[in-house]
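Numbering follows this note's numbering, with no gaps: position 107 of the sequence shown is 108. A virtual CB, placed ideally from N, CA and C, is assigned to each residue, including glycine. All values reported here derive from a predicted model rather than from experimental measurement. These notes are about the structure you will find just below.
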Amino acid sequence: MWTAEQRRLYEREGLRYPSDLTDAEWALVEPLIPPAKRGGRKREVDVREVLNGIFYILATGCQWRALPKDLPPKSTVHDYLTLWARDGTLGRLHHALFVQVREQAGKEASPTAAIIDSQSVKGAEKGGPASIRRATTRPRRSRARSGTSWSTRWACC
2 MWTAEQRRLY EREGLRYPSD LTDAEWALVE PLIPPAKRGG RKREVDVREV LNGIFYILAT
62 GCQWRALPKD LPPKSTVHDY LTLWARDGTL GRLHHALFVQ VREQAGKEAS PTAAIIDSQS
122 VKGAEKGGPA SIRRATTRPR RSRARSGTSW STRWACC
């Protein structure tokens, strides 16, 4: 149930977009973002704005080309998203925040129980995704059939 205190805590008023990071959220995320590579040009892009761009795309579901002009260019935001996905930054970020949220809630850092529903068990017994793929794949046309129809077409005339 929402209390007045919770509403104030999670209020997104004063932000440019509702998907933008607050200062408190940025303070949690900033140490987990890798620094710029040594030896090259100085990083010119504001990484917080890159994250705001990624969150804007995720929150609105808009196309990359519809990213507002006051955020970094779509190519920059996309390149960082691709880089962080490839080098594991997104996974580390997710794991660290997941652990923090569980600890704030007074729970152990890693879950100790799992729930498996009957549909998951049935899918595993039948072979899972492979059996689904076979059922949804269209059958291939026989090459022999097309060869036969080609030869009979010319035989009659």
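- Taking E26 as reference, the option from S111, A37, R44 and N53 with the minimal CA-CA separation is N53.
- In this chain, the alpha helix (DSSP H) harbouring G92 covers T90 to Q105.
- For the pair L10 and T23, the Cα-to-Cα distance works out to about 11 Å.
- Rounded to whole angstroms, the gap between the alpha carbons of V46 and A5 is 37 Å.
- A residue is called buried when at least 16 other Cβ atoms come within 10 angstroms of its Cβ; D71 does not meet this threshold and is exposed.
- About 7 Å separates the Cβ atoms of L98 and L29, confirming a contact at the 8 Å cut-off.
- For L10, the enclosing alpha helix (DSSP H) has its first and last residue at A5 to Y11.
- The DSSP assignment places 5 to 11 and 24 to 30 as complete runs of the alpha helix (DSSP H) inside the stretch 5 to 58, in order along the chain (cut-off: 4 residues).
- The beta carbon of I58 sits closer than 8 Å to those of W65, L68 and V78, all from its chain and outside the five residues before and after it, given in chain order.
- Ranked by Cα distance from L84, the options P19, V48, R103 and P32 are led by V48.
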